[in-house]
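To keep things clear, I will list the structure first and then write my remarks on it.
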Amino acid sequence: MVSTQKVTFLASFLFIAVLLPAVAAVDYQVGGDFGWNLPPTPTFFSEWASNKTFFVGDRLRFNSSANETHNYAMPGSQAELDGCVKPGIVFVGNVFPVLDRPGRRYFICEVGNHCNLGMKFAIDVMPILGSMPPNAALKIDAFPMLLLFITMITNFLFII
């Protein structure tokens, strides 16, 4: 017969397993290994962002090559992004924006004509809980935690 302690232990781990993937924040390097540099194609950064699901609490890292000078700014609308309208507030250096609320976000480089050359993209930031798309509930970065959880439950059920 299963004891109350075992049931409580199992319920606690189930709760953590369900909640942990949703709250595990991720740091994204904009552009992946390529970084925040002049792109090979005008759609490079849009394509990079299109296959990612961003959540509240995630951070973006705008890392550039030492031989390139870039910054980033956050226009307020799709029209400003498309037109490369410079909002005036510019971030340089080690400032990494935390995606602090759900909604659409826009990013451009304000240096010279870099935005017109493709250094721009938009993302949709999803809430941590609630209306997440079904395929985004378990992010790949949380997979090791899921494996740990499965290992612990297996040990609990078959060893104890």
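Here the sequence shown stands for residues -25 to -1, 1 to 135, numbered as in mature numbering (1 follows the signal peptide of the UniProt record, and there is no 0).
Just so you know, even glycine gets a beta-carbon here, dropped at the ideal spot from N, CA and C.
Checklist entry - Can you round the beta-carbon distance between Pro102 and Pro72 to whole angstroms, since I take them to be within the 8 Å contact cut? => result For the purposes of this step, residue 102 is taken as residue 127 along the sequence shown, with counting starting at 1. For the purposes of this step, residue 72 is taken as residue 97 along the sequence shown, with counting starting at 1. Pro102 to Pro72, Cβ: 17 Å. No contact.
Checklist entry - Relative to the alpha-carbon of Asn91, which residue among Cys59, Val67 and Leu74 has its alpha-carbon at the smallest distance? => result Mapped onto the sequence shown, residue 91 falls at position 116. When only C-alpha atoms are compared, the closest one is Cys59.
Next on the checklist: Between Tyr47, Lys27 and Thr28, which has its C-alpha nearest Leu13's C-alpha?
Outcome noted: In the sequence shown, counting from the first residue as 1, residue 13 sits at position 38. The residue with the shortest Cα to Cα distance from Leu13 is Tyr47.
Next on the checklist: As a quick exercise: from Pro62, Trp23 and Arg79, pick the residue whose alpha carbon is nearest that of Trp11.
Outcome noted: Along the sequence shown, one-based indexing puts residue 11 at 36. Trp11 has its Cα closest to that of Trp23, out of Pro62, Trp23 and Arg79.
Checklist entry - Taking the Cβ atom as the reference point for each residue, do Phe44 and Val1 lie within a distance shorter than 8 Å? => result Translated into the one-based positions of the sequence shown, residue 44 becomes position 69. Translated into the one-based positions of the sequence shown, residue 1 becomes position 26. Inspection of the sequence shows that residue 44 is occupied by Thr rather than by Phe. No, the Cβ-Cβ distance between Thr44 and Val1 is not below 8 Å.
Item to check | Whole-number beta carbon distance between Arg80 and Ile64, since they are thought to touch under 8 Å | outcome: Looking up residue 64 in the sequence shown gives position 89. Looking up residue 80 in the sequence shown gives position 105. About 14 Å; that fails the 8 Å criterion.
Next on the checklist: To the nearest angstrom, how far is the alpha carbon of Ala41 from that of Gly6?
Outcome noted: Locating residue 41 in the sequence shown gives position 66, where the first residue counts as 1. Locating residue 6 in the sequence shown gives position 31, where the first residue counts as 1. If you take the alpha carbons of Ala41 and Gly6, they lie about 16 Å apart.
Next on the checklist: Can you list, in chain order, the residues of its chain with a C-beta nearer than 6 Å to that of Phe37? Leave out the 5 residues immediately preceding and following it.
Outcome noted: Counting from 1 along the sequence shown, the entry for residue 37 is found at position 62. Val5, Trp11 and Tyr47.
Checklist entry - In whole angstroms, what separates the C-alpha of Asp75 from that of Pro15? => result Locating residue 75 in the sequence shown gives position 100, counting from the first residue. Locating residue 15 in the sequence shown gives position 40, counting from the first residue. Those two C-alpha atoms are separated by around 30 Å.
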